[in-house]
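Enquirer: I have a structure I would like to understand better, so I am pasting it below and will then ask my questions one at a time.
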Ligand SMILES: CC(C)(COP(=O)(O)OP(=O)(O)OC[C@H]1O[C@@H](n2cnc3c(N)ncnc32)[C@H](O)[C@@H]1OP(=O)(O)O)[C@@H](O)C(=O)NCCC(=O)NCCS
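Numbering (this note's numbering), first residue to last: 1 to 334.
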C-alpha cells in the first residue's frame, strides 16, 4: 500500500516514551549464554538494553509513555476517541492492551484495539489512526508502540537473546492547520514469515509447539537491508521529495549494521540519522517512538522539519511514513 495523504491534515502533537528501570549489559548476558560484549557490539552495535521485571507487563511500561504524550499535547484524556496499540506482547490476548490503557487513563468514548505487525507495528498504527482522523471518523488518537519481547525470548538462545529489549512510546495525533503526515508506504510478505516467528502462539496446531521467538538471522538481515531502502525510496518518490529534503531519518533500531547499510544506500548524512540501538537494543514496536523521543529531547524535531520513519520486522512487514513536523516536542522521556 502506498499513498499520499489528501484529507484533513493530521500531525503528532504529543510524544512520550518509557523503558523499564532494569539495565542489562552485554556482560550480564555473557553470564547467561555463551557470548561476549565484543561479539554483540561488533555484530549489532548494542551495548545494553532494558528488561522488564517479572511482574511488569506491556501496559505497565506503556502507561507512563501515554501520560507523557497526553501531557505534552495538553489534551484531556477523556477527549481521546481512538486508541491503537501496536504490539506483539500485549498483557494478554484479550482484553486488548488498548482497552486496558483507555480504561486506566479515563477514555470512555474511545474505540480501542491492538494491532500486530511485528516491529513495523508503530508505523502501521500511525497510518491507521491518521486515516481515521483524516476521514473525520475520530478526532483525537493515542497511538502506542511497545513490546516486552524479553517475555517471549528463549533465554538459552544466544542468537536472539542479545538483540532485543523492552520499551514503549506513545504519540497523540490531532488535526492541524497545515503539515503533519504527508504519506505512507506499508507492505507485508507472509511468505518470509517463518524467518522471524513465534509458531506456537496461536490457533495453528504444531506437534511440538514452540513457545519462544525463532529467527533466521541471516535471512532477516538480507530482508531488512533491502526494505529499509526500498520503502524509504518509494514513499519519497510518491510524495515528490528526495532524500536531500529529509531533515531527520528515523530507521527501525534493530542493528547498527542494518542502519549503516541503509544510510549508505540512501545517502543520508549520518548527522540526520537517529540511532539509539546501543542503549535499548531492538524494542520492536517501541523502537521508532523511542528513537523519535530521543530526537525530540535532543531538539532535532523542530516544527517544519521533514521526518522520515521506516520500520521493518516480523510478518515479514515494512513501512515508511513522511511527516512535516508541526509541534514543539521536547521532554518526551517519561
Ligand atoms: C543475528 C545477526 C547479528 C548474526 O550476525 P551474523 O554475522 O549473521 O552471524 P551468524 O549468524 O553468521 O553467526 C556467526 C557465528 O556467531 C555465532 N553466534 C550467534 N549469536 C552469537 C552470540 N550472541 N554471541 C556469540 N556468537 C554468536 C553463531 O553461532 C555463528 O557461529 P558458527 O560460525 O560457529 O556457526 C545478524 O544476522 C542480524 O543482525 N540479523 C538481523 C536480525 C534482526 O535484526 N532481527 C530483528 C528484525 S526486526
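Beta carbons are placed, not taken as given, at the ideal position from N, Cα and C, and that holds for glycine.
Bear in mind that the values here come from a model prediction, so they are computed numbers and not experimental data.
With a threshold of 7 Å (Cβ to nearest heavy atom), would residue 46 be considered close to ligand 1?
Expert: If you number the chain shown from 1, residue 46 lands on position 46. Not under cutoff, so the answer is no.
Enquirer: Please list the segments of the beta strand (DSSP E) lying wholly inside the stretch 103-173, counting only runs of 3 or more residues, in order along the chain.
Expert: Listed in chain order, they are 111-115 and 140-148.
Enquirer: Classify residue 287: buried if its beta carbon has 16 or more other beta carbons within 10 angstroms, exposed otherwise.
Expert: Indexing the chain shown from 1 puts residue 287 at position 287. It is buried - the Cβ of residue 287 has at least 16 other Cβ atoms within 10 Å.
Enquirer: What did DSSP end up calling residue 40 once you bin it into helix, strand or coil?
Expert: Against the chain shown, residue 40 aligns to sequence position 40. Of the three classes helix, strand and coil, the one that applies to residue 40 here is helix, per DSSP.
Enquirer: Please determine whether the Cβ atom of residue 333 lies at a distance below 7 Å from any heavy atom of ligand 1.
Expert: By 1-based counting over the chain shown, the position of residue 333 is 333. Not so, every heavy atom of ligand 1 lies at least 7 Å from the Cβ.
Enquirer: Compute the minimum distance between the beta carbon of residue 162 and the heavy atoms of ligand 1, and state whether it is under 7 Å.
Expert: Taking the chain shown and counting its residues from 1, the one referred to as residue 162 is at position 162. Yes - ligand 1 has a heavy atom lying nearer than 7 Å to the Cβ of residue 162.
Enquirer: Inspect the beta-carbon positions of residue 120 and residue 313 and report whether they are closer than 8 Å.
Expert: Start at 1 with the first residue of the chain shown, and residue 120 comes out as number 120. Start at 1 with the first residue of the chain shown, and residue 313 comes out as number 313. Yes.
Enquirer: Within 8 Å, do at least three Cβ pairs link the stretch 318-325 to the stretch 110-126?
Expert: These segments touch.
Enquirer: Work out the CA separation of residue 244 and residue 93 for me, nearest whole Å.
Expert: The residue you call residue 93 lines up with position 93 of the chain shown. The residue you call residue 244 lines up with position 244 of the chain shown. Going by the C-alpha atoms only, they are around 43 Å apart.
Enquirer: Looking at the unbroken beta strand (DSSP E) that takes in residue 94, where does it start and where does it end?
Expert: What you label residue 94 is simply residue 94 of the chain shown in a count that begins at 1. No beta strand (DSSP E) holds residue 94; DSSP gives it neither H nor E.
Enquirer: Under 8 Å by Cβ, that's how I've got residue 283 and residue 166 pegged, so tell me the actual separation to the nearest angstrom.
Expert: Here residue 283 corresponds to residue number 283 of the chain shown, with the count starting at 1. Here residue 166 corresponds to residue number 166 of the chain shown, with the count starting at 1. That belief holds up - the Cβ atoms of residue 283 and residue 166 are roughly 6 Å apart, short of 8 Å.
Enquirer: With respect to the alpha helix (DSSP H) encompassing residue 261, which residues constitute its N-terminal and C-terminal limits?
Expert: Stepping through the chain shown from its first residue, residue 261 is reached at position 261. Run containing residue 261: 256-266, per the alpha helix (DSSP H) assignment.
Enquirer: Could you pull the start and end residues of the beta strand (DSSP E) that residue 338 belongs to?
Expert: Past the boundaries of the shown model lies residue 338; the chain is included only from 1 to 334, so the question cannot be answered.
Enquirer: Once you ignore the five residues that flank residue 148 on each side, which residues in its own chain have a CB closer than 6 Å to its CB?
Expert: Reading the chain shown from its first residue, position 148 is the one you call residue 148. Correct list, in chain order: 52, 58, 89 and 166.
Enquirer: With a cut-off of 8 Å on the beta carbons, I'd call residue 173 and residue 102 a contact; round off their distance for me.
Expert: As a first step, residue 173 must be located in the chain shown, where it is residue number 173. As a first step, residue 102 must be located in the chain shown, where it is residue number 102. Contact flag wrong, Cβ pair sits at about 15 Å.
Enquirer: Under a three-way DSSP split, which group does residue 4 fall into?
Expert: Here residue 4 refers to the residue found at position 4 when the chain shown is read from its first residue. Of the three classes helix, strand and coil, the one that applies to residue 4 here is strand, per DSSP.
Enquirer: Could you please give the first and the last residue of the uninterrupted beta strand (DSSP E) stretch that includes residue 48?
Expert: Within the chain shown, the letter at position 48 stands for residue 48. Per DSSP, residue 48 belongs to the beta strand (DSSP E) from 48-50.
Enquirer: What residues in its chain sit with their C-beta under 8 Å from that of residue 96, if we drop five residues either side in the sequence?
Expert: One-based indexing of the chain shown puts residue 96 at position 96. Cβ neighbours of residue 96 beyond the five flanking positions: 85, 90, 112, 113 and 114.
Enquirer: Report the rounded CA-to-CA distance for residue 108 versus residue 78, giving the unit in angstroms.
Expert: Translated into the one-based positions of the chain shown, residue 108 becomes position 108. Translated into the one-based positions of the chain shown, residue 78 becomes position 78. Each residue's alpha carbon lies about 7 Å from the other.
Enquirer: Buried or exposed for residue 295, going by 16 or more other Cβ atoms inside 10 Å?
Expert: Here the question's residue 295 lines up with position 295 in the chain shown. It is buried - the Cβ of residue 295 has at least 16 other Cβ atoms within 10 Å.
Enquirer: For residue 315 versus residue 200, is the C-beta spacing smaller than 8 Å?
Expert: Start at 1 with the first residue of the chain shown, and residue 315 comes out as number 315. Start at 1 with the first residue of the chain shown, and residue 200 comes out as number 200. For residue 315 and residue 200, no; Cβs fall outside 8 Å.
Enquirer: Excluding the 5 residues flanking residue 35 on each side, which residues of the same chain have their C-beta closer than 7 Å to its C-beta?
Expert: For the purposes of this step, residue 35 is taken as residue 35 along the chain shown, with counting starting at 1. Closer than 7 Å at the Cβ level, and outside the excluded window around residue 35, lie 29, 158 and 162.
Enquirer: Nearest CA to the CA of residue 175: which residue from 2, 151, 14 and 3?
Expert: Here the question's residue 175 lines up with position 175 in the chain shown. For residue 175, the nearest C-alpha among the options comes from 14.
Enquirer: Given that a residue counts as buried once 16 or more other Cβ atoms are within 10 Å of its Cβ, and exposed if not, what is residue 178?
Expert: The residue you call residue 178 lines up with position 178 of the chain shown. Exposed, since its Cβ has fewer than 16 Cβ neighbours within 10 Å.
Enquirer: Taking the alpha carbon of residue 272 as the reference point, which residue from 69, 82 and 264 has its own alpha carbon closest?
Expert: The sequence position of residue 272 within the chain shown is 272, counting from 1. When each option's Cα is compared against that of residue 272, the closest is 264.
Enquirer: Since residue 233 is in the beta strand (DSSP E), which residue starts that stretch and which ends it?
Expert: Translated into positions along the chain shown, residue 233 becomes position 233. That residue, residue 233, is in no beta strand (DSSP E); its alpha helix (DSSP H) goes 217-238.
Enquirer: So is residue 135 buried or exposed if we call it buried at 16+ other beta carbons inside 10 Å?
Expert: Within the chain shown, residue 135 is the residue found at index 135, counting from 1. Looking at its Cβ environment, which holds fewer than 16 other Cβ atoms inside 10 Å, residue 135 is exposed.
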